[in-house]
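**Student:** Have a look at this one before I ask anything.
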Amino acid sequence: MDTRSLARNFSLIARTPLVTRHSPTVTPMNRASMQLFLPLCVVASLWAIGCAPKSAVTNTSSTTANNTANNTAVVMTPAPAVRSVETFDAVWETVRTQHFDKTLNGVDWESVRVELLPQAESALTQDQARAVLMDMLSRLGQSHFAIIPGQAAERSPTLSTPEEQVAAPVSKHVAQESPSTTITTDVDTITSSDATNTATTPGGPGVCGVDIALVDGEPTVLRVTPNLSGARAGVLVGWKLLSVDGALVSDELRPLREEIARETDHNSTHARQLRVALAVTGNHLLSGDSGEVRRATFEDASGHEQVVTIAFAPSPLGSTKFGNLPPFSIAVDSQIISLPVEGGKPVRIGVLGFNIWMTGASEAIDQAIDTMRSCDGIVIDLRGNPGGVGAMSMGLAGYFLATPESLGSMLGRDSTLEFKASPRKVSAAGKRVRTISKPLAILMDARSASTSEVFAGGMQDLGRARVFGETSAGMALPAQATELPSGDVLLHAVADFVTSKGTRLEGRGVIPDEAVAPSRAALLVGRDGALDAATVWICASTLTARANKAAASANNETVAAPTAIPTAPDTSPR
């Protein structure tokens, strides 16, 4: 599963300023500082149904920074005072009127305006104006409040015309999402072994099939997708990322670690954002647009350095775009593993992972689950998945719930929307099917956020799923994207979310039933701790169910069941 393309969408944020909370001065943002701001945007994908992107003004043009071909130089963009003040007012008023909490989390919003308006009036560049806005939003102390630079929001691959799509049905195109539109993908392109080669949209978000997670405190390869460029370059699970194009990973991590060490409240929003930033640093560094190439240095199992060249290409499933947000690559991976059981039939477990909750992934997800209906259990891997369209959580839950049970409620300022599962009665092929009642495991890590947390937390509180891995990001506020007079986009929370048991996920995250932190030593020998724990649980549940069924069929006579739980499969490479 490829997640670094999500981070890549916000690479232009590196050109925006950052101010430390309550900082009296504005300074340019370096790459390390950008990591603090990055996750706030990445995990804030628009996930609330009914929250269509809106514009704060009409007939406005974007003022964007010009960048050199190597994407490293910065050209400061003038910010006319009237535009800066107009944008400041738009952000301040939007938050005041649309924040789900009328008290604005206890913040004196009028005082914030009085304090920061003079800075907006004196801003000489777009970067400085953004810094003031980010300072203002940081006072709320909540996730899903951010300014996305206009050049990042406008960044989009070349769109093919309808005629081109008819003439070349296997080509990929960018799908423009809307709350009422479902995007479908040609079945042949999902299953084609050479889909990567036939994919188009050059210049759009690229993938390489290497997922980097924080393992033992260091960015390490967690998964490698077969047949993509990372696998072809020889990258292996468990390798530690040392540098990308000469940029040392240690240099990127140091400022974050120093700021984390200075934090006095480790449960604050700022502290959580720092930890998530640390977790996504590897994927951010190893990212690129389609057609770009990165030279990466890894440390292998023997401690030797391995230098590889990795090319980025469009995702085999294409990419998708939602309103004012940048385009996202779609990645859906699935497999069925079979574990032999002494004295009995094998235990078959379906494993499904996807990188973002966007409807462009729906068809591939539906097809994968339909192939797993005969399995003894299913694992849904949401590690590294930052969220997306919230309504998809209800659809996915419907595969595993026979009745429209509630995953939780979206609490707006004046309304409440319940997230009820949509039981699936018909397969993707149009055949009537039954609800999947076999054991369901969900894998999470610190990069799992928003809709991933809604689904996992909701299913966990319903007692329908068992969660394995690490505590999630704790960034679970439904958000809306609003265009600003400057051409930038304001991402702002419009609701809170609580599970059916009243569990508030914002600031808490989904706490796993079985905590399993990844280990580099295990990864290097082909073990995935969280997946192994999930498969062991499914195997134990399956053998118990088989024994009970056999006993019942034998008129309650005691029947000896296989006692040896199968060894979890070798999961490398994935």
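Under our numbering, think of the first position of the sequence shown as 3, with each following residue one higher.
C-beta atoms are modelled at their ideal positions from N, C-alpha and C, and glycine is treated no differently.
All values reported here derive from a predicted model rather than from experimental measurement.
Ends of the alpha helix (DSSP H) at Pro514?
**Tutor:** That residue, Pro514, is in no alpha helix (DSSP H); it is neither H nor E in DSSP.
**Student:** Taking the alpha-carbon positions, what's the Gly414 to Ala556 distance?
**Tutor:** Near 55 Å, if we compare the C-alpha coordinates of Ala556 and Gly414.
**Student:** Quick check: Gly320 and Gly293, are their CB atoms within less than 9 Å of each other?
**Tutor:** Taking 9 Å as the Cβ cut-off, Gly320 and Gly293 do not qualify as a contacting pair.
**Student:** Between the alpha carbons of Tyr401 and Ser424, how many angstroms are there, rounded?
**Tutor:** About 8 Å.
**Student:** Is it right to say His101 is buried, meaning 16 or more other beta carbons lie within 10 angstroms of its own, or is it exposed?
**Tutor:** Looking at its Cβ environment, which holds 16 or more other Cβ atoms inside 10 Å, His101 is buried.
**Student:** Can you tell me which of the three DSSP states Thr484 falls into?
**Tutor:** Thr484 falls in the strand class under three-state DSSP.
**Student:** Among residues of its own chain, excluding the 5 on either side of Glu112, which ones have a beta-carbon nearer than 6 Å to its beta-carbon?
**Tutor:** Excluding positions up to five away in sequence, the list is empty.
**Student:** Rounded to a whole number of angstroms, what is the C-alpha to C-alpha distance between Val239 and Val226?
**Tutor:** The straight-line gap from Cα to Cα measures roughly 6 Å.
**Student:** When we look at the beta-carbon of Thr65 and count the other beta-carbons within 10 Å, is it buried (16 or more) or exposed?
**Tutor:** Low local confidence applies: a pLDDT of 33 at Thr65 is under 50, so the model's placement there is unreliable, with the coordinate-based value given in what follows. With 16 or more Cβ atoms within 10 Å of its Cβ, Thr65 is classed as buried.
**Student:** Classify Ile358 as helix, strand or coil using the three-state DSSP reduction.
**Tutor:** Coil.
**Student:** Buried or exposed for Ser452, please, with buried defined as at least 16 other CB atoms from any protein chain shown within 10 angstroms of its CB.
**Tutor:** The residue in question, Ser452, is buried, as its Cβ has 16 or more Cβ neighbours within 10 Å.
**Student:** By how many angstroms is the C-alpha of Ser124 removed from the C-alpha of Val512?
**Tutor:** Approximately 43 Å, taken between the alpha carbons.
**Student:** By how many angstroms is the C-alpha of Ala215 removed from the C-alpha of Val278?
**Tutor:** Distance between the alpha carbons of Val278 and Ala215 is about 11 Å.
**Student:** Is Phe499 near the ligand MN - that is, is its Cβ less than 8 Å away from at least one heavy atom of it?
**Tutor:** No copy of the ligand MN occurs in the structure displayed, which carries no ligand at all.
**Student:** Return yes when the Cβ of Ile262 is within less than 9 Å of the Cβ of Leu492, no when it is not.
**Tutor:** For Leu492 and Ile262, no; Cβs fall outside 9 Å.
**Student:** With distance defined between alpha-carbon atoms, name the residue in Asp490, Ser317, Ser543, Pro316 nearest to Leu135.
**Tutor:** Comparing Cα-Cα distances from Leu135 to each of Asp490, Ser317, Ser543, Pro316, the minimum goes to Asp490.
**Student:** Specify the secondary structure class of Ala556 as computed by DSSP and reduced to three states.
**Tutor:** If DSSP states are grouped into helix, strand and coil, Ala556 belongs with coil.
**Student:** Helix, strand or coil for Pro151? Go by DSSP, reduced to three states.
**Tutor:** If DSSP states are grouped into helix, strand and coil, Pro151 belongs with coil.
**Student:** Hey, would you say Ser380 sits closer than 9 Å to Ala333, going by beta carbons?
**Tutor:** The question names Ser, yet the displayed sequence has Ile at residue 380. For Ile380 and Ala333, no; Cβs fall outside 9 Å.
**Student:** Using the rule of at least 16 other Cβ atoms within 10 Å of the residue's Cβ for burial, across every protein chain shown, is Val309 buried or exposed?
**Tutor:** Val309 comes out exposed.
**Student:** In the DSSP assignment, find the beta strand (DSSP E) that holds Pro316 and state where it starts and stops.
**Tutor:** Run containing Pro316: none; DSSP gives neither H nor E here.
**Student:** Start and end of the beta strand (DSSP E) containing His494?
**Tutor:** Note, His494: beta strand (DSSP E), 491-495.
**Student:** Ignore the nearest five residues each way along the sequence and tell me which others in Thr299's own chain have a CB closer than 6 Å to its CB.
**Tutor:** Once the five neighbours on either side are set aside, the close Cβ partners of Thr299 are Leu244, Ser245, Glu307, Val309.
**Student:** Rounding to the nearest angstrom, what Cα-Cα distance links Gly305 and Trp241 in this structure?
**Tutor:** In a straight line, the C-alpha of Gly305 is about 9 Å away from that of Trp241.
**Student:** Need the endpoints of the alpha helix (DSSP H) that Thr283 sits in, please.
**Tutor:** 271-287 is the span of the alpha helix (DSSP H), which, as asked, contains Thr283.
**Student:** Under 9 Å, Cβ to Cβ, is there at least one residue of chain C near Ser124?
**Tutor:** Protein chains in the displayed structure number just one, and chain C is not present.
**Student:** Quick check: what's the CA-CA separation for Arg434 versus Ala519?
**Tutor:** One C-alpha to the other measures close to 40 Å.
**Student:** Starting from Phe421, trace the beta strand (DSSP E) in both directions and tell me its first and last residue.
**Tutor:** Counting along the chain, the beta strand (DSSP E) containing Phe421 begins and ends at 418-422.
**Student:** Starting from Asp129, trace the alpha helix (DSSP H) in both directions and tell me its first and last residue.
**Tutor:** Residues 128-140.
**Student:** For a minimum of 4 consecutive residues, which ranges assigned as the alpha helix (DSSP H) are wholly contained in the region 203-266?
**Tutor:** Listed in chain order, the complete alpha helix (DSSP H) runs (minimum 4 residues) inside the region 203-266 are 231-234, 251-264.
**Student:** If you compare alpha carbons, which of Met138, Gln128, Gln144 is closest to Gly152?
**Tutor:** Out of Met138, Gln128, Gln144, Gln128 has the C-alpha closest to the C-alpha of Gly152.
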